[in-house]
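Counted the way the working numbering counts, the sequence shown spans residues 127 to 558.
This report concerns only the one structure given below.
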Amino acid sequence: MIPPYNNPLRNCKNGAAVQGGSAKQKEDTFMILIKRKVCPGNNCRHFFKISILLLLLTALLLNCACSPPGSYSQDELEEPPVEPIVTGLESTGDDMLLRGRFSVVNPEMKIFSLAVSSSGRDILFSSDDRTVHMLDDQGRLKWEVVFDGLPVAAELSDSGYYIAVGTDCGKVHFLQKEGQILWEKSFTGAVEQIAFSPEGNFLAVAVKDESGSCRLYGLNRWGSLLWERETGPIVQLYLLTENNKLYYLEKNQEQEQEQSTFTALKNGELLWTKMASAADVSANEEFAVLYNNNILYFYSLEGETAPRVLWSYPLGVEISLLELTEKGEHILAYSAFPGTGSNLFVFRREGPLFWEKKIPSGSLLQISRSGERIVASSWQEYSEDFSSVLVFNKNGDILQETEMASRIEKISLSRYGNILALAGDEGNIFIM
């Protein structure tokens with residue numbers, strides 16, 4: 127049985143969110159979760175039987191139109207409802223239903239960024255209608271702000287109190303949690319990525335100009351420029367600390383061969399670099415994991431000196447994503463490329479391979495702070511119109527598995543794994 131839930135819909139005229147909708151809108155909303163059974167016609171020869179059938183059919187249609195979502199009986203369903211599952215209960219394996227959903231006006235809208243605060247109470251997303259939306263954990267609209275340029279980068283501080291938005295026009299907008307813009311700053315080029323320090327006191331901004339030149343800028347919470355540095359194209363900004371250290375991966379051209387470098391800065395000054403095609407840093411800044419030339423390296427970070435290798439592990443597949451838990455207890459390595467063998471590997475901090483599995487190629491992955499929950503979502507090997515969502519525990523056991531009638535293109539998991547946000551290609555944000 128699917129319980130009713132709020133389905134805010136944007137109002138084109140005033141930009142506000144309205145609740146509910148017509149019976150037709152409610153039926154369209156729930157078509158993503160269930161498949162209605164269409165009964166075959168009954169070819170009767172007698173007028174009386176035909177009349178009775180028409181009366182019954184009319185009563186059934188009126189009941190379907192007037193009944194609230196969740197009132198369908200099992201006999202009316204072709205199969206059990208496709209119910210998106212929440213990855214929330216750390217202490218139990220119980221399944222939970224969809225908490226909420228937010229629908230935008232344009233079903234072909236592109237979602238640029240999706241972020242969830244540490245508590246899971248705030249969900250931020252930006253889209254190509256030049257708008258940034260803030261939702262609560264039930265999918266209800268709290269506020270929205272329209273910008274002059276496309277908000278290609280949007281980030282939340284861990285507390286959810288500050289929001290930074292970067293546009294393709296080179297502007298950075300700094301907002302507080304109610305959506306009020308505190309300050310704006312302009313750069314030459316387009317903003318590509320933004321990173322917050324944990325408490326929101328510092329901000330790193332990656333900008334690329336029309337000539338292809340790339341620069342990193344360090345700002346404080348009040349918008350003052352602290353430092354700037356020329357870089358290669360930025361692959362990923364990983365961690366900005368409260369003492370203004372920044373870790374990032376950039377591409378470099380070395381003797382006609384493109385390579386990637388993992389770089390550490392302090393106040394904009396270089397501390398050290400390592401060759402890597404994928405990397406991550408633990409949130410407590412004690413460990414880093416790098417992948418280069420089919421070998422996984424696990425490092426100890428010690429002050430401002432070069433990192434020290436604790437162990438290494440050869441892998442037979444090309445790794446495209448690395449994730450570290452908050453204190454480095456678990457390392458997740460994933461290969462998004464098609465293959466026949468395992469492509470998801472999880473290691474303990476002590477070094478040995480903990481477990482490995484084969485999951486769909488092209489999966490989106492998120493891991494909670496201590497590794498209790500690992501979420502993988504993919505449609506590429508599943509169906510163009512459906513996505514598979516898998517939830518593993520830290521031992522590699524599948525806790526939950528479901529399909530969603532939507533092509534999920536972005537996911538974001540709260541720090542404690544209690545709230546999962548998914549952005550579908552048809553303009554829906556699902557809160558689980």
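Even glycine gets a Cβ: it sits at the ideal position worked out from N, Cα and C.
All values derive from a computational prediction rather than experimental measurement.
>> Measuring CB atoms only, is the segment 446-459 touching the segment 428-437, in the sense that at least three cross pairs come out at less than 8 Å?
In response: no
>> Can you tell me which residues form a DSSP beta bridge with residue 440?
In response: Within the sequence shown, the letter at position 314 stands for residue 440. DSSP, once it has assigned bridges, lists 421 as partnering residue 440.
>> Am I right that residue 557 and residue 274 are in contact with their C-beta atoms under 8 Å? What's the rounded C-beta distance?
In response: In the sequence shown, the residue the question calls residue 557 occupies position 431. In the sequence shown, the residue the question calls residue 274 occupies position 148. So it is not a contact: roughly 29 Å between Cβ atoms.
> Of all the options 347, 308 and 403, which has the alpha carbon lying nearest to the alpha carbon of residue 326?
Replying inline: Against the sequence shown, residue 326 aligns to sequence position 200. The residue with the shortest Cα to Cα distance from residue 326 is 347.
> Is residue 558 helix, strand or coil by DSSP?
Replying inline: Here residue 558 corresponds to residue number 432 of the sequence shown, with the count starting at 1. Coil.
>> Need the endpoints of the beta strand (DSSP E) that residue 559 sits in, please.
In response: Past the edges of the chain, shown from 127 to 558, lies residue 559, and the structure says nothing about it.
>> According to DSSP, is residue 347 part of a helix, a strand, or is it coil?
In response: If you number the sequence shown from 1, residue 347 lands on position 221. Note: residue 347 maps to coil in three-state DSSP.
> Are residue 371 and residue 358 close, meaning C-beta to C-beta below 8 Å?
Replying inline: Walking along the sequence shown from the start, residue 371 turns up at place 245. Walking along the sequence shown from the start, residue 358 turns up at place 232. Result no, Cβ atoms of residue 371 and residue 358 do not sit closer than 8 Å.
> Can the beta-carbon of residue 554 be found less than 8 Å from the beta-carbon of residue 532?
Replying inline: Sequence index remark: in the sequence shown, residue 554 carries index 428 (1-based). Sequence index remark: in the sequence shown, residue 532 carries index 406 (1-based). Contact: yes.
> Taking Cβ to Cβ, would you say residue 473 is nearer than 8 Å to residue 425?
Replying inline: Stepping through the sequence shown from its first residue, residue 473 is reached at position 347. Stepping through the sequence shown from its first residue, residue 425 is reached at position 299. Contact flag unset, no.
> If we ignore side chains and look at the alpha-carbon of each, how far apart do residue 454 and residue 476 end up?
Replying inline: Here residue 454 is taken as the residue at index 328 of the sequence shown, counted from 1. Here residue 476 is taken as the residue at index 350 of the sequence shown, counted from 1. Each residue's Cα considered, the two are about 10 Å apart.
> Buried or exposed: residue 309, going by 16 or more other Cβ atoms within 10 Å of its Cβ?
Replying inline: Start at 1 with the first residue of the sequence shown, and residue 309 comes out as number 183. When all chains shown are included, residue 309 counts as exposed.
> Can you tell me where the beta strand (DSSP E) with residue 474 in it begins and where it stops?
Replying inline: As a working mapping, residue 474 is identified with position 348 in the sequence shown. Here the beta strand (DSSP E) through residue 474 covers 470-474.
>> To test your reading of the DSSP string, which unbroken alpha helix (DSSP H) runs of 4 or more residues are found completely within the segment 213-272?
In response: Segments of the alpha helix (DSSP H) lying fully in the segment 213-272: there are none.
> My guess is that residue 368 and residue 408 are in contact by the Cβ rule of under 8 Å, so how many angstroms apart are they, rounded?
Replying inline: By one-based count along the sequence shown, residue 368 stands at place 242. By one-based count along the sequence shown, residue 408 stands at place 282. Contact flag wrong, Cβ pair sits at about 15 Å.
> residue 404 to residue 462, Cα distance in whole Å?
Replying inline: Along the sequence shown, one-based indexing puts residue 404 at 278. Along the sequence shown, one-based indexing puts residue 462 at 336. Their Cα atoms are separated by approximately 12 Å.
> Who are residue 445's beta bridge partners in DSSP?
Replying inline: The residue given as residue 445 occupies position 319 in the sequence shown. Per DSSP, none; premise fails for residue 445.
>> Which same chain residues end up closer than 8 Å to residue 282 when comparing Cβ atoms and leaving out the 5 residues on each side of it in sequence?
In response: On the sequence shown, position 156 is the one that residue 282 refers to. These residues qualify, in order along the chain: 241, 242, 243, 248, 250, 288, 289 and 322.
> At least one CB of chain C closer than 8 Å to the CB of residue 307: is that the case?
Replying inline: As a matter of chain content, chain C is missing from the structure shown, which is built from one protein chain.
>> What would DSSP say about residue 518, mapped onto helix, strand or coil?
In response: Locating residue 518 in the sequence shown gives position 392, where the first residue counts as 1. DSSP places residue 518 in strand when its eight states are reduced to three.
> What do you get for residue 608, buried or exposed, if any count of 16 or more other CB atoms within 10 angstroms of its CB means buried?
Replying inline: The structure shown does not extend to residue 608, since the chain is modelled only from 127 through 558, so no value can be given for it.
>> On a Cα-Cα basis, can you pick out the residue from 256, 421 and 501 that is closest to residue 548?
In response: Here residue 548 is taken as the residue at index 422 of the sequence shown, counted from 1. Among 256, 421 and 501, the Cα nearest to that of residue 548 is on 501.
> The beta strand (DSSP E) with residue 322 in it runs from where to where?
Replying inline: Start at 1 with the first residue of the sequence shown, and residue 322 comes out as number 196. Here the beta strand (DSSP E) through residue 322 covers 316-322.
> CB-CB under 6 Å to residue 311, same chain, minus the five flanking residues each way: which ones, in chain order?
Replying inline: Counting from one through the sequence shown, the residue named residue 311 turns up at place 185. Excluding sequence neighbours, residue 311 sits near 298 and 349.
> According to DSSP, is residue 413 helix, strand or coil?
Replying inline: Indexing the sequence shown from 1 puts residue 413 at position 287. Strand, per DSSP.
>> Out of 429, 393 and 402, which one is the CA nearest neighbour of residue 384?
In response: Start at 1 with the first residue of the sequence shown, and residue 384 comes out as number 258. Measuring from the Cα of residue 384, the nearest candidate turns out to be 402.
> According to DSSP, what are the bridge partners of residue 373?
Replying inline: Here residue 373 refers to the residue found at position 247 of the sequence shown. The beta-bridge partner set that DSSP reports for residue 373 consists of 365 and 390.
> In three-state DSSP terms, what is residue 485?
Replying inline: Here residue 485 refers to the residue found at position 359 of the sequence shown. Reduced to three states, the DSSP call for residue 485 is coil.
> Is residue 344 near residue 333, with beta carbons less than 8 Å apart?
Replying inline: Within the sequence shown, the letter at position 218 stands for residue 344. Within the sequence shown, the letter at position 207 stands for residue 333. No.
> Rounded C-beta distance between residue 318 and residue 360? I'm assuming under 8 Å.
Replying inline: Mapped onto the sequence shown, residue 318 falls at position 192. Mapped onto the sequence shown, residue 360 falls at position 234. So it is a contact: roughly 6 Å between Cβ atoms.
>> Using a Cβ-Cβ cutoff of less than 8 Å, which residues in the same chain neighbour residue 165 once the five nearest sequence positions on both sides are dropped?
In response: Within the sequence shown, residue 165 is the residue found at index 39, counting from 1. Any reading at residue 165 must be qualified, since the residue scores a pLDDT of 38, below 50, and its modelled position is unreliable; no value is offered.
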